[in-house]
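These protein sequence lines map, in sequence, to chains U and W.
Numbering-wise, my numbering comes out as the position in the first sequence, counting from 1, plus 4.
Numbering-wise, my numbering comes out as the position in the second sequence, counting from 1, plus 24.
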Amino acid sequence: MGFTITEKILARAAGLPSVRAGDDVKAKPDFVLSYDFPGYTDVVFKQMKEDFGIEKVPEPERFGIFIDHMVPAATPQEEELHIGTRKWCAENDVALFERKGIGHQVSAEVGFATPGAFVVHFDGHVSQLGTFGTLAIGIRRNILEAFVRERVSLRVPQTTRVDFTGALGRGVMARDVFHHIVRILGPASCRFQVLELGGPGLASLSTEGLQTVTGLAMFTGAVTAIVNPDPERLAYALPRARKKLEPVSSDPDAVFAARHTIDLSALTPVVVVPPSPANTRDLGEFEGLEVQAGYLGSCASGRLEDLRAAAKVLAGRQVKPGFALHIVPTSQQIMADAAREGLIETLVAAGAFVSSPSCDYCFGRIATMTAKQRAVSTGTLNVKGRMGSPDSEIYLCNAATVAASAIEGRIADPRRYL
Amino acid sequence: MLPKNLRGRVAFIFEEVDFDVDQIIGVKNIKIQDVAELAKVAMQAYDPDFAKKVKPGDILVGNVNFGYGHPHYPPMRAMRHLGIAGLIAESFSPGYWRGEVSMGFPQVPCPGILKLVERWDEVEVDWASETVRNLAKGTSLPFEPIAQADRDMIAAGGLVPYLKSQPAA
């Protein structure tokens, strides 16, 4: 009986010859990541000293801190939080990535997405490092354990395996793949498990697209998602890797809690209607619904393929007057690449408001909506109040749909513009 | 070490699947820090007299995938302030589960709980036998064993005391 990629990674991290799903283990994370956020990092930094008497983390090279929320700061309190974070990183010799982009993307760019590594963060969207065969789990406040102890306590998760076949059609993107998974498997389908992706269709999905799919894993109930890394993902991740580790994959006879196959060629664009990420619907059902705002960005979307799709839709066209289209590339690297390709020029010419990378659009800290406003968005979430007033609404969709809807001022099928 | 057994009335049953706990206080109140203020706004959409009816030791019951969405901490802080001692659900969403267990809040997954209890029944959560008992009706159900670290964290009263009980190396 073989092992899953998750069991292999956790066995190594736990220092055991093998582990099985269901085992309670203490595993040493290869990397411990966090972005600064009130109630999380400030509290952890304080508890480290005051409750555990730890002045400095041992092995600082295992840690990475990101300043990506509240960027740029809008209040003195926010800047004070950032000052505290910079000071802690300097005192602890820990790498700080500030204003480089959304941390989950930057993590991959700077090599924390080491194939075969075990990574913890407090935020679950870190699951997107799974694209590169990295087991990255968001453990909320339990992140404290990783700052004050060498190992973290966890139960080895079971795995639900999804195999892809075929390739995506025109106007269908990775967002549609993920929300289709939630639709057919259900929002509780992978509770406490790992969502593992593989199959012959995997190679047809871009690395950026897989970052999208894995980054949203929590909405299937999964604790993370992971890809059996293929040559394309390894070619990206291995030269950047921060640690020398052997990439691993699931054995052909590994034990899965469930197995599903999805034919990518059968998918169509979808929309996830408020107020829950569980509400996947066909885009066609909601076409024509008036929308006043659009957001293209976030740790889930906002990468080059998203910007390219939007630029293709918007080239030579105009955003409807009065419609607020915010486009926020996920990282500085992506923004620079997009500028070099001429995408930024196309988007700006069409009337989009393009900003530097920040998490702040996704949770309504800026570009805040008021009651009765409605947005199309590639943000992570559509719960009440996520982008402003609890009486505003968010329709999640792919980047091309955001762009098409921005032209019409109502939810629109991008395939008419591609 | 086992957590202390819970014994109390079922103060409310959240029948909605994939229940988003932020609704307990309402999203517009999510930034309130003061727990007494939070307790005042809690449950207004479900039972405006909840605060008057609930007593210390009472328990909440939830449906499948309880805590789905983007759970914040204030709703359950408010509930604990009102005296709620624990929660039994058909099953939990992992993000919510982890967040509240790290607060030391006793919770157990118990498939079938919605059929086992009615509101205001007296129930007991017995950790040694991993059983939920309906004392009002004389019925019982096993609950699913939870991870050892989660059980220890609940027994210790939360993340910090749990970690202090763990060896440093």
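Think of the CB as a built atom: it goes at the ideal place given N, C-alpha and C, for glycine as much as any other residue.
Computed from a prediction, not measured in an experiment: that's the story for all the values here.
When burial is assigned at 16 or more other CB atoms within 10 Å of the CB, is P33 (chain U) buried or exposed? Its Cβ being crowded by 16 or more others within 10 Å, P33 (chain U) is buried.
So, using beta-carbon positions, are F90 (chain W) and A113 (chain W) closer together than 7 angstroms? Cβ atoms of F90 (chain W) and A113 (chain W): closer than 7 angstroms.
On a Cα-Cα basis, can you pick out the residue from U:G298, U:S280, U:D28 and U:R187 that is closest to F357 (chain U)? The closest CA to that of F357 (chain U), considering only U:G298, U:S280, U:D28 and U:R187, is found on U:G298.
Are any of the Cβ atoms in chain W nearer than 7 angstroms to that of G389 (chain U)? Chain W contact via Cβ: present.
Quick check on S360 (chain U): buried or exposed, where buried means 16 or more other Cβ atoms within 10 Å of its Cβ? Looking at its Cβ environment, which holds fewer than 16 other Cβ atoms inside 10 Å, S360 (chain U) is exposed.
For P118 (chain W), which residues in chain U fall below 7 angstroms Cβ to Cβ? Ordered by position in chain U, the residues that pass the 7 angstroms Cβ test against P118 (chain W) are R195, F196, G225 and V227.
Please confirm whether V29 (chain U) and A18 (chain U) have their CB atoms less than 7 angstroms apart. Cβ distance < 7 angstroms, so V29 (chain U) and A18 (chain U) count as in contact.
Own chain residues within Cβ distance below 6 angstroms of I37 (chain W), not counting five before or after: Cβ within range, chain order: V85 and R143.
Span of the alpha helix (DSSP H) around L138 (chain W): It spans I137 to L140 - the alpha helix (DSSP H) in which L138 (chain W) sits, taken as one unbroken run.
For Q131 (chain W), count neighbouring Cβ atoms within 10 angstroms of its own Cβ and tell me buried if that reaches 16, exposed if not. Using a 10 angstroms sphere on the CB of Q131 (chain W), the tally of other CB atoms reaches 16 or more, which defines it as buried.
Beta carbon proximity, A289 (chain U) to chain W, threshold 7 angstroms: Residue identity differs from the one stated: residue 289 (chain U) is Glu in this sequence, not Ala. For E289 (chain U), no CB of chain W lies under 7 angstroms from its own CB, so it is not counted at the interface with that chain.
Using a C-beta to C-beta distance shorter than 8 angstroms, which residues of chain A count as neighbours of D58 (chain W)? As a matter of chain content, chain A is missing from the structure shown, whose protein chains are U and W.
So, are the CB atoms of G392 (chain U) and G368 (chain U) less than 7 angstroms apart? In contact: G392 (chain U) and G368 (chain U) (Cβ atoms closer than 7 angstroms).
At a cut of 8 angstroms, does the region 162-169 of chain U reach the region 193-205 of chain U through at least three beta carbon pairs? A contact exists between the region 162-169 of chain U and the region 193-205 of chain U.
Look at the Cβ atom of F322 (chain U), then the Cβ atom of Q377 (chain U), and state whether they are nearer than 7 angstroms. According to the sequence provided, residue 322 (chain U) is Gln. The question's Phe does not apply to it. No, they are not a contact pair.
Who are the neighbours of Q51 (chain U) on chain W, taking C-beta pairs under 7 angstroms? Residues of chain W whose Cβ lies closer than 7 angstroms to the Cβ of Q51 (chain U) are, in chain order, V184.
Can you give the Cα-Cα distance for S253 (chain U) and A241 (chain U), rounded to whole angstroms? Rounded to the nearest whole angstrom, the CA to CA distance from S253 (chain U) to A241 (chain U) is 15 angstroms.
Taking a Cβ distance cut-off of 8 angstroms, strictly less, list which residues of the region 14-30 of chain U are near chain W, in chain order. Of all residues in the region 14-30 of chain U, only D28 place a beta-carbon less than 8 angstroms from a beta-carbon of chain W.
Mind reading off the beta-carbon distance from V274 (chain U) to H183 (chain U)? Whole number of angstroms is fine, and I expect it under 8 angstroms. Here V274 (chain U) really is in contact with H183 (chain U); their C-beta atoms are around 5 angstroms apart, less than 8 angstroms.
Write down the C-beta distance between P99 (chain W) and I48 (chain W) rounded to the nearest angstrom, noting that I regard them as a contact closer than 8 angstroms. Confirmed, about 4 angstroms.
Quick one: residues in its chain with C-beta nearer than 8 angstroms to the C-beta of L287 (chain U), no 5 flanking neighbours on either side, listed in chain order? Excluding positions up to five away in sequence, the list reads T272, P273, V274, V275, C401, T405, I415 and D417.
Output the residue ranges of the alpha helix (DSSP H) runs that lie fully inside the region 197-271 of chain U and measure 4 residues or longer, sorted by chain position. Fully enclosed alpha helix (DSSP H) runs of 4 or longer: 211-219 and 235-241.
Going by DSSP, what residues sit across from K28 (chain W) in a beta bridge? K28 (chain W) is not bridged to any residue.
Within chain U, partners of K64 (chain W) - CB distance below 7 angstroms: Under the 7 angstroms cutoff, chain U gives no residues; its nearest Cβ is about 18 angstroms from K64 (chain W).
Enclosing beta strand (DSSP E) for P133 (chain W) [first to last residue]: Counted as a single uninterrupted DSSP element, the beta strand (DSSP E) harbouring P133 (chain W) occupies residues Q131 to P133.
DSSP on R66 (chain U), reduced to helix/strand/coil? In the three-state reduction of the DSSP assignment, R66 (chain U) falls in the helix class, which pools H, G and I.
Report the rounded CA-to-CA distance for T211 (chain U) versus G383 (chain U), giving the unit in angstroms. Near 19 angstroms, if we compare the C-alpha coordinates of G383 (chain U) and T211 (chain U).
Is E149 (chain U) close to chain W? Criterion is C-beta to C-beta, closer than 7 angstroms. Yes, E149 (chain U) lies at the interface with chain W (some Cβ there is under 7 angstroms from its Cβ).
When the Cα of V160 (chain U) is compared with those of W:A180, W:G182 and W:A171, which residue comes out closest? Ranking W:A180, W:G182 and W:A171 by Cα distance to V160 (chain U) puts W:A171 first.
Residue environment, A35 (chain W), which counts as buried when at least 16 other CB atoms sit within 10 Å: By the beta-carbon neighbour count (other beta carbons within 10 angstroms, threshold 16), A35 (chain W) is buried.
Could you check whether the Cβ of G91 (chain W) sits closer than 7 angstroms to any Cβ belonging to chain U? Closer than 7 angstroms: no.
How is the alpha helix (DSSP H) around P185 (chain W) delimited, first residue to last? If you look at P185 (chain W), you'll find it in the alpha helix (DSSP H) that goes L183 to K188.
Residues of chain U with CB closer than 8 angstroms to the CB of D42 (chain W), please, in chain order. Within chain U, the residues near D42 (chain W) are P191, A192, S280 and A282.
CB contact check: Q68 (chain W) to chain U, cutoff 7 angstroms: Answer no: the Cβ-Cβ gap between Q68 (chain W) and chain U never drops below 7 angstroms.
What residue does the beta strand (DSSP E) around S157 (chain U) start on, and which one ends it? S157 (chain U) -> beta strand (DSSP E) spans V156 to R159.
Measure the C-alpha to C-alpha separation of F49 (chain U) and Q190 (chain W) and round it to an integer number of angstroms. Between the alpha carbons of F49 (chain U) and Q190 (chain W) lies a gap of roughly 19 angstroms.
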